[in-house]
Amino acid sequence: MSTKVIAVVGASGHLGGLIADEVLAQSDAQLRLLVRPESRAKVADLESRGAQIVEGVFGAVSDDTLAAFTAGATTVVSAVQGGPDVIVDGQAALLRAARSVGVRRLIPSTFTLDLFKLRPGRIVAADWRRQFAELADAECGEVEVVHVLCGSFLARDVLFDFHRIIDPVERTAYVWGDGEQPVDYTTWDDTARYTAAAALDDNSIGRVLPIAGDRVDFRGLVAAYEKATGTALRVERLGSLADLDDRITELQAGGPGNFLEFLKLMYLRANLAGEGKLDALANDRYPSIRPTTVEQYLTV
1131 MSTKVIAVVG ASGHLGGLIA DEVLAQSDAQ LRLLVRPESR AKVADLESRG AQIVEGVFGA
1191 VSDDTLAAFT AGATTVVSAV QGGPDVIVDG QAALLRAARS VGVRRLIPST FTLDLFKLRP
1251 GRIVAADWRR QFAELADAEC GEVEVVHVLC GSFLARDVLF DFHRIIDPVE RTAYVWGDGE
1311 QPVDYTTWDD TARYTAAAAL DDNSIGRVLP IAGDRVDFRG LVAAYEKATG TALRVERLGS
1371 LADLDDRITE LQAGGPGNFL EFLKLMYLRA NLAGEGKLDA LANDRYPSIR PTTVEQYLTV
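Letter by letter, the sequence shown follows residues 1131 to 1430 in the numbering used here.
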């Protein structure tokens, strides 16, 4: 069995670290990381377990460094976060380097709902990822570019803070609209497992890999929380989806200082309106992965 080299950018971050860990767990894989010199300590455990390290600042490394990082790799995985300079320009440079040395597959930092269904401007950060995807379609050459679509992250910091759908302290669940639209949820861990499996896949995957651990609407989410925790929640409706549109517009008019606040609501709006709902899931492609349901996650 030949060893596959999987090159990962962004392993010092949460999702990137989980993906790197999943790759290291595979007997037929060699892990290579592109890491900022000042962030090397964050991947010390991965390095001690055999990960190869190439030092460089993503988005500012030389072509020679990117060529060295991608040379001999079977798949390059990007789990970087940032603005268009990172998501578009940085990943474009990574794709060109991968193409130049014959990398078979690139998995960019998409990891979200189906952004290809969204109208421009609905989610600013998704616009950047779609811009890169369009660039990749034109410039990928023989590189298979696979976008992992995982819906919304099933994580306490997302449910309780980022989207604040549930406030455990106030014992209240909040919703805009009627809450009847099913939402795709996937844990960070399961997203990493599917990504590592795709990175090591010998067969062609296609442009998108849609996966999800569960699909529930607002009432289903509340019911799962109440069953898992034994805590009853009061439901508060914040307004209609039109009211949510107005709130986003108001925050955008307030300037870039409100960016994170309106970005949170843009993702929430897309979920509640079903704008980025995943189509037929590809979970069965990797049957050894048993993704976590909402109730299972909240019970832990």
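In this text, a Cβ means the ideal position worked out from N, Cα and C, and glycines have one as well.
In this text the structure is predicted, and so the values were computed from the model without any measurement.
Self-check item: Same chain, Cβ closer than 6 Å to Val1218, neighbours up to 5 away in sequence not counted
Solution: In the sequence shown, counting from the first residue as 1, residue 1218 sits at position 88. Cβ neighbours of Val1218 beyond the five flanking positions: Trp1258, Gln1261 and Phe1262.
Practice problem: Could you have a look at Tyr1416 and say whether DSSP puts it in helix, strand or coil? | Solution: Taking the sequence shown and counting its residues from 1, one reaches residue 1416 at position 286. Coil, per DSSP.
Exercise. Could you have a look at Gly1369 and say whether DSSP puts it in helix, strand or coil?
Key: On the sequence shown, position 239 is the one that residue 1369 refers to. Correct three-state label for Gly1369: strand.
Quiz item: Residues in its own chain within less than 6 Å of Gly1206 by CB, not counting five upstream and five downstream?
Solution: In the sequence shown, the residue the question calls residue 1206 occupies position 76. The amino acid occupying residue 1206 in the given sequence is Val; Gly does not appear at that position. Hits under 6 Å: Ala1137, Thr1200, Ala1228, Val1233 and Leu1236.
Quiz item: With a Cβ-Cβ cutoff of 8 Å, do Leu1363 and Val1352 count as a contact?
Solution: As a first step, residue 1363 is located in the sequence shown; it is residue number 233 there, counting from the start. As a first step, residue 1352 is located in the sequence shown; it is residue number 222 there, counting from the start. In contact: Leu1363 and Val1352 (Cβ atoms closer than 8 Å).
Quiz item: Pro1421 and Asp1320: beta carbons closer than 8 Å?
Solution: As a working mapping, residue 1421 is identified with position 291 in the sequence shown. As a working mapping, residue 1320 is identified with position 190 in the sequence shown. Yes, the Cβ-Cβ distance between Pro1421 and Asp1320 is below 8 Å.
Exercise. Using alpha carbons as the reference points, say which of Ala1358, Glu1272 and Gly1180 lies closest to Leu1225.
Key: What you label residue 1225 is simply residue 95 of the sequence shown in a count that begins at 1. Taking only the C-alpha atoms, the option nearest Leu1225 is Glu1272.
Quiz prompt | Simplified DSSP state of Ser1230, which is helix, strand or coil | solution = The residue you call residue 1230 lines up with position 100 of the sequence shown. In the structure shown, Ser1230 sits in a helix (DSSP, three-state: H, G or I).
Quiz prompt | Same chain, Cβ closer than 7 Å to Val1231, neighbours up to 5 away in sequence not counted | solution = Position 101 of the sequence shown, counted from the first residue, corresponds to residue 1231. Once the five neighbours on either side are set aside, the close Cβ partners of Val1231 are Ala1197, Thr1200 and Ala1201.
Quiz item: Run through DSSP, which three-state label would His1277 get?
Solution: Your numbering for residue 1277 matches position 147 in the sequence shown. Strand at His1277.
Quiz item: Nearest to Asp1193 by alpha carbon, out of Gly1220, Gly1146 and Gly1404?
Solution: The residue given as residue 1193 occupies position 63 in the sequence shown. Answer by Cα proximity: Gly1220.
Quiz prompt | Contacting residues, own chain, Cβ-Cβ under 7 Å from Gly1147 (five flanking each side not counted) | solution = Numbered from 1 along the sequence shown, position 17 holds the residue referred to as residue 1147. So the list reads Ala1141, once near-sequence residues are dropped.
Exercise. Out of Leu1161, Val1173, Leu1145 and Glu1425, point me to the one whose CA is closest to Leu1330's CA.
Key: The residue given as residue 1330 occupies position 200 in the sequence shown. Checked all of Leu1161, Val1173, Leu1145 and Glu1425; the closest Cα to Leu1330 is Leu1161.
Exercise. Over the uninterrupted alpha helix (DSSP H) stretch that includes Val1187, give me the two end residues.
Key: Numbered from its first residue, the sequence shown carries residue 1187 at position 57. Element bounds for Val1187: n/a, residue is neither H nor E.
Quiz item: Taking the Cβ atom as the reference point for each residue, do Thr1242 and Ala1256 lie within a distance shorter than 8 Å?
Solution: Residue 1242 sits at position 112 when you count from the first residue of the sequence shown. Residue 1256 sits at position 126 when you count from the first residue of the sequence shown. Closer than 8 Å, so yes.
Practice problem: For chain D, find out if any of its Cβ atoms is closer than 8 Å to the Cβ of Pro1386; answer yes or no. | Solution: You won't find chain D in this structure, because it holds only one protein chain.
Quiz item: If you run the structure through DSSP and keep just helix, strand and coil, what is Lys1407?
Solution: As a first step, residue 1407 is located in the sequence shown; it is residue number 277 there, counting from the start. Of the three classes helix, strand and coil, the one that applies to Lys1407 here is coil, per DSSP.
Quiz item: Closest to Gly1281 by CA distance: which of Ala1327, Ala1326, Leu1339 and Ser1334 is it?
Solution: On the sequence shown, position 151 is the one that residue 1281 refers to. Gly1281 has its Cα closest to that of Leu1339, out of Ala1327, Ala1326, Leu1339 and Ser1334.
Practice problem: May I have a chain-ordered list of the alpha helix (DSSP H) segments no shorter than 4 residues that lie completely inside the segment 1336–1366? | Solution: 1348–1359
Exercise. Could you check what DSSP says for Val1430 in three-state terms: helix, strand or coil?
Key: If you number the sequence shown from 1, residue 1430 lands on position 300. Here Val1430 sits in coil by DSSP.
Self-check item: DSSP state of Thr1205 mapped onto helix, strand, coil
Solution: Numbered from its first residue, the sequence shown carries residue 1205 at position 75. The answer is strand: DSSP assigns Thr1205 an E or B state.
Exercise. Return the residue from the list Ala1400, Arg1301, Leu1390 and Glu1380 that minimises the CA-CA distance to Leu1371.
Key: Your numbering for residue 1371 matches position 241 in the sequence shown. Closest by alpha carbon: Ala1400.
Quiz item: Near Ala1150, what residues of its chain come up, given a Cβ to Cβ distance below 8 Å and the 5 sequence neighbours on each side ignored?
Solution: Locating residue 1150 in the sequence shown gives position 20, where the first residue counts as 1. Result list for Ala1150: Val1138, Ala1141, Leu1161, Leu1163, Val1173, Leu1176 and Ala1181, in chain order.
Self-check item: Proximity of Arg1345 and Ile1419 at Cβ, strictly below 8 Å
Solution: In the sequence shown, residue 1345 corresponds to position 215, counting from 1. In the sequence shown, residue 1419 corresponds to position 289, counting from 1. Against a cut-off of 8 Å, the Cβ pair of Ile1419 and Arg1345 comes out as no contact.
Quiz prompt | Member of Glu1168, Arg1294 and Ser1169 whose CA lies at the smallest distance from the CA of Tyr1397 | solution = Translated into the one-based positions of the sequence shown, residue 1397 becomes position 267. The option with the nearest alpha carbon to Tyr1397 is Arg1294.
Practice problem: Might you give, ordered along the chain, the residues of its own chain that have their beta carbon closer than 6 Å to the beta carbon of Phe1392, omitting 5 neighbours on each side? | Solution: Here residue 1392 is taken as the residue at index 262 of the sequence shown, counted from 1. Around Phe1392: Ile1378, Leu1381 and Gln1382.
Exercise. Tell me, to the nearest whole angstrom, how far the beta carbon of Val1275 is from that of Pro1214; I am working on the premise that it is less than 8 Å.
Key: Here the question's residue 1275 lines up with position 145 in the sequence shown. Here the question's residue 1214 lines up with position 84 in the sequence shown. In this structure Val1275 does not touch Pro1214 by the C-beta definition: roughly 18 Å separates them, more than the 8 Å allowed.
Exercise. Along the beta strand (DSSP E) that carries Val1254, what are the first and last residues, could you check?
Key: Position 124 of the sequence shown, counting from 1, holds the residue named residue 1254. Looking at the DSSP string, Val1254 is not in any beta strand (DSSP E); the run it does join, the alpha helix (DSSP H), is Val1254 to Glu1269.
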